[in-house]
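Engineer: The structure under discussion is supplied below as structure tokens; questions concerning it will follow.
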Amino acid sequence: MTTPEPAQGQDDSTRIGESGHSGGASGVDGDQPRLTVAAVARRLGVAPATLRTWDRRYGLGPSDHTTGRHRRYGPDDIARLEQMQRALLRGASPAEAARFARSTTAPLSQRYPAEAGSAPRVEGEADEPVLFSGVIDGDDGGAMALDPGTNTGGRGLKLSGAGPRARGLGRAALALDSWSIQRLLLEAVAAEGVVATWNEVLQPVLRAISERWQRSGTGVEALQLLSDCASTALRSVIAGAAAPLNPRPVVLAPVPGEGQELELVALAAALAANRVGHRLFGAALPREGLDAAVRRAAPAAVVLWAGQPNYASAKLIGDIPITRQRARAFVAGAGWAQEPLPAHVELLDSLGTAVARVSETVLA
């Protein structure tokens, strides 16, 4: 079949996209394509219904207003939607994120510069569910209809009493967005310190995802990714810390058999920020390795961490080698809560207490 030639003066672009569209409502906008609702939904990882809600509620719909045609999203429309997602990941509510997106008019070539202004911080907002794309769809009671091709692993996450940073971290974790997780954590540490970041941002999200996993069997991948990203962010704090002030280090180690170490890494990062030098050992350090570490490092203090009570044992502390210069003994972690301890061993019952007491001991 012979394809008819365009009429004189007719632009070839009228044949791109849906049949019969004029240049303004075609699949292109200049050199840039215009996308359908379904295509944009796939790009953002949400359902078309969510985009329609954003359009209806916040005015973030297609700017293509051709009568009688399916409306399509142009580059600037998509940029606004991506800015909204960016604001949501930084902890803004949907309404605040929409206002931020509408006020952002950066050219496409300058989208997402590293020095771009931060999304708005919204204090005192009512608690709301945190969903995988960070979107609240009020039409279905707060649950978000996800695109069928989006692999999220479950429904939303509830963070009662959490602040904007924690809500943003929850959205990033459930979206498996490792870049945003680490950026949010590093920004929180820079603004609030390691202890506040742990208590108010990271720990609430870890606990919420862990509880959901135990309750429903979903979300273990988000929990693992968040833990790994948090460890990376906290270790970068250690690597960038100033030179320590204490001549003798602190040995930080999980008890033999303990498989978790993230809270211990947080302690190491907070001590490093206080210029307390330490020797941090990861999970699965055997007993002989712990003994050798204490003998070789001649530490001013030893902190043994246990998250599970079946690994915590007072005998373990008594068997720590005695060095020429005596070391102060501390234990930390929930696993020690019910374990009777010798008089010379001090229980550190929170991260803030641990940082304060260890710093006082070795910097005095």
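Residue 1263 is where the sequence shown starts when you use this note's numbering, and the numbers rise one by one after that.
The C-beta atom is built at its ideal place from N, Cα and C for all residues, glycine as well.
Tell me whether the beta-carbon of Ala-1428 lies closer than 8 Å to the beta-carbon of Val-1463.
Structural biologist: The answer is yes: Cβ separation under 8 Å.
Engineer: Arg-1541 lies in the beta strand (DSSP E); which residues open and close that run?
Structural biologist: Segment 1540-1542, the beta strand (DSSP E) holding Arg-1541.
Engineer: Please list, in chain order, all residues of the same chain as Asn-1508 whose beta carbon is under 7 Å from its beta carbon, the five residues on each side excluded.
Structural biologist: Val-1538, Gly-1539, Ala-1562, Val-1624 and Leu-1625
Engineer: Hey, quick one: how far does the beta strand (DSSP E) through Leu-1514 stretch, first residue to last?
Structural biologist: 1512-1516
Engineer: Am I right that Arg-1333 and Gly-1321 are in contact with their C-beta atoms under 8 Å? What's the rounded C-beta distance?
Structural biologist: With a Cβ gap of about 13 Å, Arg-1333 and Gly-1321 do not count as contacting.
Engineer: Of the choices Arg-1319, Ser-1325, Ala-1341 and Arg-1318, whose alpha-carbon is the least far from that of Leu-1306?
Structural biologist: Ala-1341
Engineer: At the level of alpha carbons, what is the spacing between Arg-1586 and Asn-1461?
Structural biologist: 37 Å
Engineer: Near Leu-1496, what residues of its chain come up, given a Cβ to Cβ distance below 6 Å and the 5 sequence neighbours on each side ignored?
Structural biologist: Val-1527, Ala-1528 and Ala-1531
Engineer: Using beta-carbon positions only, say whether Asp-1338 and Ser-1355 come within less than 8 Å of one another.
Structural biologist: In this structure, the beta-carbon distance from Asp-1338 to Ser-1355 does not fall below 8 Å.
Engineer: Need the endpoints of the alpha helix (DSSP H) that Val-1467 sits in, please.
Structural biologist: 1465-1478
Engineer: Can you name the residues that DSSP bridges to Glu-1608?
Structural biologist: Phe-1592
Engineer: Based on Cα-Cα distance, which residue from Gln-1465, Ala-1534, Ala-1349 and Glu-1473 lies nearest to Ala-1505?
Structural biologist: Ala-1534
Engineer: Since Gly-1432 contacts Val-1467 with CB under 8 Å, what's their CB separation in whole angstroms?
Structural biologist: Confirmed, Cβ separation roughly 5 Å.
Engineer: Between the region 1590-1600 and the region 1563-1574, are three or more C-beta pairs nearer than 8 Å?
Structural biologist: Yes: at least three Cβ pairs fall under 8 Å.
Engineer: Can the beta-carbon of Glu-1523 be found closer than 8 Å to that of Gly-1595?
Structural biologist: No, the pair does not count as a contact, with Cβ atoms beyond the cut-off.
Engineer: For Ile-1218, which residues in the same chain have their Cβ closer than 7 Å to its Cβ, ignoring the five residues on either side in sequence?
Structural biologist: Outside the displayed range of the chain (1263 to 1626) lies residue 1218, so it cannot be described from this structure.
Engineer: Throw me the rounded Cβ distance for the Leu-1609 and Val-1593 pair, which I believe falls under 8 Å.
Structural biologist: That pair is a contact at about 6 Å.
Engineer: Quick one: grab the DSSP three-state call for Leu-1625.
Structural biologist: helix
Engineer: With Leu-1566 as the anchor, note down where its beta strand (DSSP E) starts and where it stops.
Structural biologist: Counted as a single uninterrupted DSSP element, the beta strand (DSSP E) harbouring Leu-1566 occupies residues 1563-1567.
Engineer: Measure the beta-carbon distance from Ala-1435 to Leu-1351 and round it to whole angstroms, keeping in mind my assumption that it falls under 8 Å.
Structural biologist: Their Cβ separation, rounded to whole angstroms, is 10 Å, which puts Ala-1435 and Leu-1351 out of contact at 8 Å.
Engineer: Let me check understanding here. Comparing Cα to Cα, which of Ile-1579, Ala-1589 and Ala-1576 lies closest to Arg-1558?
Structural biologist: Ala-1589
Engineer: What is the DSSP secondary structure of Leu-1421, counted as helix, strand or coil?
Structural biologist: coil
Engineer: Helix, strand or coil: which one does DSSP assign to Leu-1613?
Structural biologist: DSSP, reduced to helix, strand and coil, places Leu-1613 within a helical segment of the structure shown.
Engineer: With DSSP as the reference, label Leu-1297 as helix, strand or coil.
Structural biologist: strand
Engineer: Can Ala-1360 and Trp-1316 be called in contact, C-beta distance under 8 Å?
Structural biologist: yes
Engineer: Among the candidates Ala-1591, Gly-1455, Val-1451 and Gly-1502, whose CA atom is the shortest distance from the CA of Ala-1515?
Structural biologist: Ala-1591
Engineer: Roughly how many whole angstroms lie between the Cα atoms of Glu-1473 and Tyr-1335?
Structural biologist: 39 Å
Engineer: Give the C-beta separation of Ala-1545 and Gly-1580 to the nearest angstrom, bearing in mind that I take them to be a contact with Cβ-Cβ under 8 Å.
Structural biologist: That pair is no contact at about 22 Å.
Engineer: Which word fits Asp-1439, buried or exposed, when buried means at least 16 other C-beta atoms lie within 10 angstroms of its C-beta?
Structural biologist: buried
Engineer: For Trp-1567, does the count of other Cβ atoms within 10 angstroms reach 16, so buried, or fall short, so exposed?
Structural biologist: buried
Engineer: According to the neighbour-count rule (16 or more other Cβ atoms, all chains shown, within 10 Å of its Cβ), is Arg-1549 buried or exposed?
Structural biologist: exposed
Engineer: Can you tell me which residues form a DSSP beta bridge with Tyr-1320?
Structural biologist: Beta-bridge pairing links Tyr-1320 to no other residue.
Engineer: Let me check one thing: in DSSP terms, what residues is Tyr-1335 bridge-paired to?
Structural biologist: Leu-1297
Engineer: Buried or exposed, going by whether 16 or more other CB atoms sit within 10 Å of the CB of Gln-1345?
Structural biologist: buried
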